[in-house]
Every structure is written in structure tokens, then in C-alpha cells.
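Enquirer:
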Amino acid sequence: MIDSIISDFELPATGDKNFRLSDCQNRIVVIYFYPKDNTPGCTTEAQQFRDLHPAFIDAGCEVIGVSRDSIRSHNNFRTKLDLPFDLLSDADEQLCVQFSVIKMKSMYGKQVRGIERSTFVIDGKCVLRREWRKVKAEGHAQEVLEFVKTL
């Protein structure tokens with residue numbers, strides 16, 4: 007998938023708006039997929055992207071979080087953590103399928119379908135430049151920022 011063109015997409019976003027990839031031309035976009043609002047790993051990851059957000063902006067980059075949660079859940083999560091970036095609701099898994107992040111996971115001994123924590127960096131021409139899969143939340147945002155600074 008690296009160096010492939012990412013098809014335009016549109017999803018509902020926090021703040022009563024829609025997000026379209028094509029609206030971000032000439033900007034780097036970091037899309038991080040996470041399993042669920044208000045869970046420990048997802049909270050850690052969101053806080054670290056929040057804390058580094060000024061550095062992402064300085065690098066000409068927009069950060070977007072995506073999960074299958076509702077916009078209402080996302081708005082509450084965003085407010086609770088004071089997130090300066092939008093969260094997208096992919097309830098129908100359109101974007102999750104496009105990026106192949108839905109996986110079978112084990113939860114309490116049962117197999118369930120869920121989002122595998124993953125991050126993608128897309129350049130200003132909609133070309134996928136880097137991907138991380140099976141991400142560990144702690145320290146990941148810093149790793150992404152270091153890569154973005156090389157673009």
C-alpha cells in the first residue's frame with residue numbers, strides 16, 4: 007500500500023461537520039485508527055497526539071482519529087480530553103475496510119471483530135507514505151511526528 011494513491015473519502019466528524027480527504031490537499035494527514043473511545047489505550051494515544059499537536063501543525067500536518075464510535079461518543083471523548091483535532095465516525099466501516107484495519111481479536115476469550123490500532127501518513131498529494139499496524143499506544147505519536155518531520 008505504501009506509495010499508493012488514497013481514494014478520497016468523506017465521513018462525519020466532531021463539531022457537526024464532515025471531513026473530506028480532498029479538502030486537505032497540500033497538507034500531510036495523519037489518520038490514526040483506534041478501537042474505542044474512553045478505553046485506556048485509546049485515551050493514552052489521543053492524549054499523546056493532543057500533547058504533540060502543536061508540533062504536528064508546525065510540520066504542516068493534520069491529525070485525525072477514526073473509530074466506529076458514534077459522533078456523540080466522539081464529541082464527549084474529544085471534550086473530556088480537550089482534543090484539538092477531529093475524530094471521525096466510521097460506523098459503517100467504509101474507511102476501516104479501505105485501510106484493512108478490521109481484524110479478528112480475542113476479547114475475554116471470545117473472537118470479535120474490531121479495529122486493529124493502526125496509523126497512516128498521507129502526503130499532500132494523497133499518496134500513502136507510511137503505515138504502522140498493531141500499534142502500541144505509548145510513545146507512538148512521537149514516532150509518527152518524527153517521521154512526518156522527514157517529509
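Going by the numbering used here, the sequence shown opens with residue 7, and the numbers climb by one from there. Note that beta-carbon positions come from the ideal geometry of N, C-alpha and C, so glycine has one too. Small disclaimer: the values here were computed from a predicted structure and weren't measured.
Round the Cβ separation of residue 18 and residue 101 to the nearest angstrom and send it over; I've been treating them as touching at under 8 Å.
Expert: Residue numbering aside, residue 18 sits at position 12 when the sequence shown is read from its first letter. Residue numbering aside, residue 101 sits at position 95 when the sequence shown is read from its first letter. Actually they are not in contact, since the Cβ atoms of residue 18 and residue 101 sit about 11 Å apart, beyond 8 Å.
Enquirer: From the DSSP output, which residues share a beta bridge with residue 63?
Expert: Mapped onto the sequence shown, residue 63 falls at position 57. Looking at the DSSP assignment, residue 63 forms no beta bridge with any residue, so it has no partner.
Enquirer: Quick one: Cα of residue 9 to Cα of residue 145, how far?
Expert: Numbered from its first residue, the sequence shown carries residue 9 at position 3. Numbered from its first residue, the sequence shown carries residue 145 at position 139. Near 25 Å, if we compare the C-alpha coordinates of residue 145 and residue 9.
Enquirer: Start and end of the alpha helix (DSSP H) containing residue 84?
Expert: By 1-based counting over the sequence shown, the position of residue 84 is 78. Looking at the DSSP string, the run of the alpha helix (DSSP H) that includes residue 84 is 77 to 87.
Enquirer: Is residue 114 buried or exposed, if buried means 16 or more other CB atoms sit within 10 Å of its CB?
Expert: Sequence index remark: in the sequence shown, residue 114 carries index 108 (1-based). Result: exposed.
Enquirer: With DSSP as the reference, label residue 18 as helix, strand or coil.
Expert: On the sequence shown, position 12 is the one that residue 18 refers to. In the structure shown, residue 18 sits in a strand (DSSP, three-state: E or B).
Enquirer: Quick check: the Cα distance between residue 67 and residue 88, rounded to an integer number of angstroms?
Expert: For the purposes of this step, residue 67 is taken as residue 61 along the sequence shown, with counting starting at 1. For the purposes of this step, residue 88 is taken as residue 82 along the sequence shown, with counting starting at 1. Cα to Cα, the separation comes out at about 19 Å.
Enquirer: Answer with buried or exposed for residue 119, where buried requires no fewer than 16 other C-beta atoms within 10 angstroms of its C-beta.
Expert: For this step, residue 119 is matched to residue 113 along the sequence shown. With fewer than 16 other Cβ atoms within 10 Å, it is exposed.
Enquirer: Would you please state the rounded distance, in angstroms, between the beta carbons of residue 73 and residue 92? I believe it to be under 8 Å.
Expert: As a first step, residue 73 must be located in the sequence shown, where it is residue number 67. As a first step, residue 92 must be located in the sequence shown, where it is residue number 86. The Cβ separation is near 12 Å, so there is no contact.
Enquirer: Is the shortest distance between the beta-carbon of residue 75 and the beta-carbons of chain B less than 8 Å?
Expert: Reference to chain B is not applicable here, since this structure consists of a single protein chain.
Enquirer: Helix, strand or coil, according to DSSP, for residue 120 in the structure here?
Expert: Indexing the sequence shown from 1 puts residue 120 at position 114. Strand.
Enquirer: Anyone know if the C-beta pair for residue 123 and residue 141 falls short of 8 Å?
Expert: In the sequence shown, the residue the question calls residue 123 occupies position 117. In the sequence shown, the residue the question calls residue 141 occupies position 135. Closer than 8 Å, so yes.
Enquirer: The beta strand (DSSP E) spanning residue 25 covers which residue range?
Expert: Locating residue 25 in the sequence shown gives position 19, counting from the first residue. Start and end: 23 to 26.
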